[in-house]
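Asks: In my numbering, the protein residues as written are 209 to 695. I have a structure I would like to understand better, so I am pasting it below and will then ask my questions one at a time.
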């Protein structure tokens, strides 16, 4: 008995020492580094209805789009809920779509009119690769008083109907007037045929934010007529189908395009100048193309006169006065909705351009591209980009340049961005994230589409062949600004 008691005491004494050492070791590790390992997460990139949306049709579905494909077994009535104010959680079915990285909640009955709804996706939802949300994702919207009975329509296509010389290695896209049910966009509802229509082209079909894409499995044949078809199988979130099949044709050329895929501007591409906070102008400028501002009042464009524009001025309201001549102005419904949607598309295009990966050139010339000739490709800078002497972009009509610029673009007076070899301005994209934005000095000639997080300043008598799309304001002073697709 004494022996056993001594053995037990020794065991307890040894355990206490080991426990103390373990705790000390843990504290020592904590002191060495307080940084926890970074755990990869999946994110919600957008929703429909959007957060704080109002007048949502009563028969809508609720869609969340993710940064990657989601595991359908983890998205259910517990991890994806929709709850109305003073109501129990809605009953509905939930589906996922890998092509669009989306999850869709379809209620079994309509929303209650004029009611605030809160949608939640919890951290229980996981991607196919096993990643979770960092925290619950919550957004809200308010229902309207009517159901949506309108069929979706196709706003634009690339290539356009009857286009020629289309590059052999590009995708075919169409932009819709409203959000679609992601599951309705598939190889059965979006087809491509060659020649007389007897030969189907294989490819992958995808959908994202009103944009449907057909990506051929291999290069298209040269000098061949193609027919693209979107069928009545395509539906919106209220289950309204296309009224009829949408069919368009185009002909390929012989060239392979170089550089990244172009940024799809969606309806922002209908504007030569588009801003969130207004356009300042010193007379007299010459603008070819539509301009617009939203959500700021249309009065923020008052010093752009109808006599200076070949196109339409679109506003968020009816407060544009200009010189007194308002014949070029459109600010009532549905035009105010048109410009609001274009501003949203501008943000989508900016995100697309900024998010392109694997640049062909990084920190080239330390940001000073003065006097250089640049080939098609994806360029990335963490600095300002300086244009102190002429710059040349050399490529053919199908080639694409995307410039990702973390800071500002500064172009010196009387310098020019030239295009050679058949290159076209609508395929040149300047994504600018700097705190100042873009500054074009006196007499400069600039080419391409600017997607600026901040402002764009075009100084005296500078010329722009492109688009000025700013998430703040655009300042003009006796300038020429021309839509790159205008004759």
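C-beta: ideal position from N, C-alpha, C; glycine also. Everything numeric in this text was worked out from a predicted model, so none of it was measured.
For residue 357, count the other beta carbons within 10 Å of its own beta carbon; 16 or more makes it buried, fewer makes it exposed. Which is it?
Replies: exposed
Asks: Could you spell out where the beta strand (DSSP E) holding residue 617 opens and where it closes?
Replies: 617-619
Asks: Roughly how many whole angstroms lie between the Cα atoms of residue 336 and residue 685?
Replies: So the two alpha carbons sit approximately 52 Å from each other.
Asks: With DSSP run on the structure shown, which of helix, strand or coil describes residue 425?
Replies: coil
Asks: Could you tell me which residues DSSP puts in a beta bridge with residue 278?
Replies: 335
Asks: Would you list the one or two residues that DSSP bridges to residue 459?
Replies: Beta-bridge pairing links residue 459 to 433.
Asks: So is residue 276 buried or exposed if we call it buried at 16+ other beta carbons inside 10 Å?
Replies: exposed
Asks: Could you name the residues of the same chain whose beta carbon sits closer than 7 Å to that of residue 397, not counting the 5 residues immediately before and after it, in chain order?
Replies: 438, 439, 441 and 442
Asks: Would you tell me roughly how many angstroms separate the C-alpha atoms of residue 458 and residue 424, rounded to the nearest one?
Replies: 15 Å
Asks: Hey, how far is the Cα of residue 677 from the Cα of residue 475?
Replies: 12 Å
Asks: On a CA-only basis, which of 340, 624, 387 and 659 is nearest residue 635? Give me that one, please.
Replies: 659
Asks: Check the DSSP bridge columns for residue 588 and list the partner residues they point to.
Replies: 570 and 612
Asks: Tell me the DSSP bridge mates of residue 300?
Replies: For residue 300, which the question treats as bridged, DSSP gives the partners 315.
Asks: Would DSSP call residue 449 helix, strand or coil?
Replies: When DSSP states are grouped into helix, strand and coil, residue 449 belongs to the strand group.
Asks: Once the 5 residues before and after residue 453 are set aside, which same chain residues still bring their CB inside 8 Å of it?
Replies: 437, 438, 439 and 440
Asks: Let me confirm a value: residue 295 is counted as buried when at least 16 other C-beta atoms fall within 10 Å, else exposed. Which label applies?
Replies: exposed
Asks: Report the rounded CA-to-CA distance for residue 499 versus residue 645, giving the unit in angstroms.
Replies: The straight-line gap from Cα to Cα measures roughly 19 Å.
Asks: Would you say residue 465 and residue 564 are within 7 Å of each other, going by their C-beta atoms?
Replies: no
Asks: Between 486, 580 and 339, which has its C-alpha nearest residue 628's C-alpha?
Replies: When only C-alpha atoms are compared, the closest one is 580.
Asks: If distances are taken between C-alpha atoms only, which option among 428, 403, 650 and 536 comes closest to residue 411?
Replies: 428
Asks: Once you ignore the five residues that flank residue 650 on each side, which residues in its own chain have a CB closer than 8 Å to its CB?
Replies: Same-chain partners within the cutoff: 621, 622, 667, 668, 669 and 670.
Asks: Within 10 angstroms of its Cβ, does residue 643 collect 16 or more other Cβ (buried), or is it exposed?
Replies: With fewer than 16 other Cβ atoms within 10 Å, it is exposed.
Asks: Secondary structure at residue 416, three-state DSSP: helix, strand or coil?
Replies: strand
Asks: Taking contact to mean at least 3 C-beta pairs separated by less than 8 Å, is the segment 309-319 in contact with the segment 382-395?
Replies: yes
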